[in-house]
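What follows is one structure encoded as structure tokens, with my remarks underneath.
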Amino acid sequence: MSKTEIADVDRSLYDFIKPEEGFERIEDGLTPEVVKAISEKKDEPEWMLKMRLEALQKYHQMSMADNWGPDINGLDMDNIATYVASGSKQADSWDDVPTDIKDTFERLGIPEAERESLAGVGAQYDSEIVYHNMREEVAEQGVVYSTIEDALHEGYEDMIHEYFGKLIPMTDHKFAALHYAVWSGGSFVYVPEGVDMPYPLQSYFRLNAAGAGQFEHTLIIVEPGANLHFIEGCSAPKYYVANLHAGAVELYVKDHARLRYSTIENWSKNMYNLNTKRARVAEDGVMEWVSGSFGSHISYLYPTTILAGDRSSCEFTGITFAGNTQNLDTGCKVIMNGKDTKASVSTKSISKSGGTSIFRSSVVVGRKADNATASVSCQSLMLDDISRSDTIPAMEVNNPTARVGHEATIGRISDDTIMYLMSRGCSEEEARTLVVNGFANPISKELPLEYAVEMNNLIKLEMEGAIG
Amino acid sequence: MADVTLSKVNVPPAQTWNYLKINGLSLEVPAVTGGEGNLPDRLTRIETGIGDAATAWIDSAVPEPRLISVPARTDLDEPILIEVESDRGELASTGVIVHEGAHATIVVVAADTERAAAGMTDERAAQSGIEAVVAEPGKAVPETDKPISASLLRISADRNAKVDVYEYVAVPTSCRHIEGAAIEADDDAFIEVHQYLLGGGTVAAGLAVTQRGARSSFKLDTHYLVHENELLDMNYVARVRGRNARTRIDASGVLSDGAEKTLRDTIDLICGCKGAKGDENETVVVTGDNIVNRSLPVILCDEEDVQGNHGATIGSMSVDQLQYLRDRGLTTDEAEELFGRAVVDDAALNAPVKAARNAVLSRAAELIGDEAAADLIEIFENDQEVGE
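Listed in order, the protein sequences are those of chains H and X.
Residue 327 in the numbering used here sits at position 333 of the first sequence, with consecutive numbering throughout.
Remember, the numbering used here sits 37 above the position in the second sequence when you count from 1.
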């Protein structure tokens, strides 16, 4: 059987660049002046500026761990613009969005998805949200879906102050500190008690500018008994300079509430994706993560769930596809503190064309988490002998009544399987794509249809020309 | 002599979040000098599981390491026995070269030999006039006051060699111990390691095997029982380089009240080891409160044509198991004690030499109680054959 070799794939769907003419770009680097300029632009309350400046100080004081994780020496923060914006006002109609930006989102299929199956859409272009809209009937139920900047000015300042930066403290790690210093854009979602959202909300993040960073903050509060599906998509064109994504996602799932957070991350392969996501789940709450990581050059991404309430539960379903030039260190963390909590983690990873995929996880069962049960399953597929796949799951159990199970497998597509499919008329490329799609199927079936299609297309795209 | 800190003991090849405190162990040890480390390069170059700092510390403390060469195509009649007296803080360094087609059995026993035959606890030992560090009521003995012993075993197995290793660590809570091993396996070499880790205030067990030979086979079977106020820290690393090599790491054990245990096991499937298979398995039974169990089962892979599997189960006895035993007249405590007793029984029954068996019996009373220990001792009083 011949071996797989990389051939550059056509990523034209995502790799188109729009001009930056007329855009405002704050000077590169990280200084108090840059931070003050961002804050002033947003006309923020004093406490937010104070928080930003404190975070900047922490960023300069903190260092990255040097004993684990992919190398990020290629990321020079002195050459990253922390704020780039078109200058256009946020619109609630696509007709009011500047043509180039509108065209970008048209090509990514966002307006069409909004028309067909979403309760609301937010679209961020570089550092600012350029479009935000929500169906009227959803708004009538008291649901709030806006940017954090708008929420601060529209009567939600106390709520933002109460929740913002509490779940992910600025001291969490160096890039969390950076995030709080220069955050811009993102989403604020508030779902009132008992409201069951029939359709998902979606935010799409597009980073168009070369050598820039995107630092959006997503804050979602799902009140008791409410139910929300939130979808996050992201992409960027490829440049030959480093781009940075250091967003933060803070999710509060109250008693008996349910939140599903789906992500298809398709950053370009010059992107350093150092994102932080965390959820806190109260009594009988349910948190579901569905995560697809396809893009970026380097990723550090471990959505964290804190099962604080008794009988709370979480599921994490994820897939990572690492190709040429990619080192994707992804996984999740679960902290179980409530009694009778349940956690289920199921991940798949695929490595090809010299890519490195690392599954990293931790499950920590606290002393008071009586009868906690957790299961972690990780399957890795190696598609050639120039790639790498590691699994690094950690477990810490501090309660004698807990039950934790873990299983991991690493392997390749067997020659017999390929032979079988080829004997039934498939080419080798088709056979391999079929097997990889089957491998990814448990994840794609958890995604909304259009995202499942996108994921399958991404796999097809990555597999095209892969047989050399 | 002033203490020195070995800050990177049992560090795994792939580390993770530092706040989990799973990336290694730090030990305060007495400063030592005088060792020359005159083992041949083919032994000293082999990676040890305990890490460079602990390896250098042992090497520098042992003036004359023991070197044993097993000639080609010979089968040693007697096991090679390495005894370490934990209460005296004894350190041992041993190198064994098993030449082509030879077979050797190596037994390492680390125990408080003075108390070994009597099954004495620290308190009883003190009452009998045997020197022991005993804590004041309600206070733990400071870690640095506990003597620390160590054994470092290096093995180089040539092609078709077969090596059986038995490691018995049964040191009292008042002592600490480092159990290090470095193994290299050539083509078709077959290495089987049986570890019984039955206690000690702090025990660091690190083992690394380099399977450089095609079709080499490595099996590690670890059984442990961690008692109250004891810490067991394990680090196992298998570097798989040879084609069609086979690696299996099984660890199972029992954590009783107040026990703390960390297990890191890594199978590193290195590019070129086509056809290799590696399996890791861990089963932890928790029978007490206030336990800390940390596990880091890692598979590293940069070869396509391999299979790597890992499975772990951590928990207490299931309701069904408990009910089954209750139906047969056992209380919950008695049912839980059965798990500990199974480990101790297994260790004693499989002891290849009397010294190993005595080491097990020396801790039996502390681990499984006077009555069960007495039963066990009685069984072996009628059996004088083992190792004699």
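Quick reminder that beta carbons are idealized off the backbone N, C-alpha and C, glycines included.
According to the Cβ coordinates, are residue i and residue j closer than 8 angstroms?
| i | j | result |
| --- | --- | --- |
| Val107/X | Ile192/X | no |
| Val185/H | Ala220/H | yes |
| Ser347/H | Asn321/H | no |
| Glu108/H | Val115/H | yes |
| Ser293/H | Asn267/H | yes |
| Ala368/H | Asn331/H | no |
| Val41/X | Leu62/X | no |
| Met191/H | Ile351/X | no |
| Lys255/H | Arg274/H | According to the sequence as given, residue 255/H is Tyr; it is not Lys. No, the Cβ-Cβ distance between Tyr255/H and Arg274/H is not below 8 angstroms. |
| Arg305/H | Glu277/H | yes |
| Thr85/X | Ala218/X | yes |
| Val339/H | Val398/H | no |
| Val216/H | Leu253/H | yes |
| Pro387/H | Val370/H | yes |
| Leu413/X | Ala401/X | yes |
| Glu204/X | Val230/X | yes |
| Ala98/X | Leu43/X | no |
| Lys35/H | Leu43/H | no |
| Trp41/H | His147/H | no |
| Val274/X | Thr320/X | no |
Which whole-angstrom value is the C-beta distance of residue i and residue j, which I expect to be below 8 angstroms?
| i | j | result |
| --- | --- | --- |
| Asn281/X | Gly309/X | Wrong, their Cβ atoms sit about 11 angstroms apart, outside the cutoff. |
| Arg406/H | Glu341/X | 5 angstroms |
| Leu262/X | Gly238/X | The Cβ separation is near 14 angstroms, so there is no contact. |
| Ile336/X | Thr385/H | 5 angstroms |
| Leu190/X | Ile119/X | 7 angstroms |
| Thr324/H | Thr311/H | At roughly 13 angstroms, the Cβ-Cβ gap does not stay under 8 angstroms, so Thr324/H and Thr311/H are not in contact. |
| Ala434/H | Ile453/H | 6 angstroms |
| His239/H | Gln196/H | Not quite, the Cβ-Cβ distance comes to about 18 angstroms (not below 8 angstroms), so this is no contact. |
| Phe182/H | Ile142/H | 5 angstroms |
| Ser345/H | Ser383/H | 5 angstroms |
| Ala372/X | Met354/X | 7 angstroms |
List, in chain order, every chain H residue whose beta-carbon is nearer than 9 angstroms to that of residue i.
| i | result |
| --- | --- |
| Arg331/X | Ala388, Met389, Glu390, Val391 |
| Pro67/X | Residues of chain H passing the Cβ test: none, with the nearest at roughly 27 angstroms. |
| Thr350/X | Arg397, Val398, Gly399, His400 |
Going along chain H, which residues have a C-beta under 8 angstroms from residue i?
| i | result |
| --- | --- |
| Thr53/X | Trp62, Arg354, Ser356, Ile386, Ala388 |
| Ile59/X | Ala388, Glu390 |
Please list, in chain order, the chain X residues whose beta carbon lies closer than 9 angstroms to that of residue i.
| i | result |
| --- | --- |
| Thr403/H | Ile336, Gln344, Gly345, Asn346, His347 |
| Ala59/H | Gln52, Trp54, Asn55 |
| Met164/H | Ordered by position in chain X, no residue passes the 9 angstroms Cβ test against Met164/H, which lies about 16 angstroms from the chain. |
| Met376/H | Cys338, Asp339, Glu340, Glu341, Asp342, Val343 |
Name the chain X residues whose beta carbon is nearer than 7 angstroms to that of residue i?
| i | result |
| --- | --- |
| Leu394/H | Reading the sequence as shown, one finds Pro at residue 394/H and not Leu. Chain X residues near Pro394/H: Val323, Gly325, Asp326, Ile328, Ser353. |
| Ser293/H | Under the 7 angstroms cutoff, chain X gives no residues; its nearest Cβ is about 16 angstroms from Ser293/H. |
| Ser383/H | Cys338 |
Can you name the residues of chain H whose CB is closer than 7 angstroms to the CB of residue i?
| i | result |
| --- | --- |
| Asn266/X | In chain order: nothing, as chain H lies at least about 16 angstroms away. |
| Cys308/X | Asp379 |
First and last residue of the alpha helix (DSSP H) that includes residue i?
| i | result |
| --- | --- |
| Met42/H | 40 to 55 |
| Tyr414/H | 409 to 417 |
| Val342/H | According to the sequence displayed, residue 342/H carries Lys and not Val. Segment 336 to 345 is the beta strand (DSSP E) holding Lys342/H; no alpha helix (DSSP H) there. |
| Val29/H | 26 to 35 |
Would you mind telling me which residues of chain X sit closer than 8 angstroms to residue i, beta carbon to beta carbon, in chain order?
| i | result |
| --- | --- |
| Arg406/H | Glu341, Asp342, Val343 |
Can you give me the start and stop residues for the beta strand (DSSP E) that residue i sits inside?
| i | result |
| --- | --- |
| His239/H | 237 to 239 |
| Pro218/H | Segment: none, Pro218/H is in no beta strand (DSSP E) and carries neither H nor E. |
| Gly528/H | Here chain H has residues from -5 to 462 only, and residue 528/H is not among them. |
| Tyr203/X | 199 to 207 |
| Ser367/H | According to the sequence shown, residue 367/H is Thr rather than Ser. Run containing Thr367/H: 367 to 376, per the beta strand (DSSP E) assignment. |
| Ala226/X | Run containing Ala226/X: none; DSSP gives neither H nor E here. |
| Ile380/H | Neither: Ile380/H is in no beta strand (DSSP E) and is coded neither H nor E. |
Within 7 angstroms: the Cβ of residue i and any heavy atom of the ligand FAD?
| i | result |
| --- | --- |
| Thr298/H | Questions concerning the ligand FAD fall outside what the structure shown contains, since it holds no ligand whatsoever. |
Check: At what residue ranges does the region 323 to 401 of chain X contain a whole run of the alpha helix (DSSP H), taking only runs of 4 or more?
Finding: 356 to 364, 369 to 386
May I have a chain-ordered list of the beta strand (DSSP E) segments no shorter than 3 residues that lie completely inside the region 59 to 134 of chain X?
62 to 67, 103 to 107, 117 to 122
List in chain order: all unbroken beta strand (DSSP E) runs of 3+ residues lying wholly within the region 248 to 276 of chain H. 252 to 260, 265 to 268, 270 to 275
Exercise. At 3 residues or longer, and completely inside the region 288 to 326 of chain X: list those beta strand (DSSP E) runs for me, N to C.
Key: 297 to 306, 314 to 323
Entirely within the region 288 to 330 of chain H and at least 3 residues each: give me those beta strand (DSSP E) ranges in chain order.
292 to 295, 298 to 301, 307 to 316, 321 to 330
*Ignoring anything shorter than 3 residues or poking outside the region 121 to 208 of chain H, list the beta strand (DSSP E) runs there in chain order.*
122 to 128, 138 to 140, 180 to 185, 195 to 200
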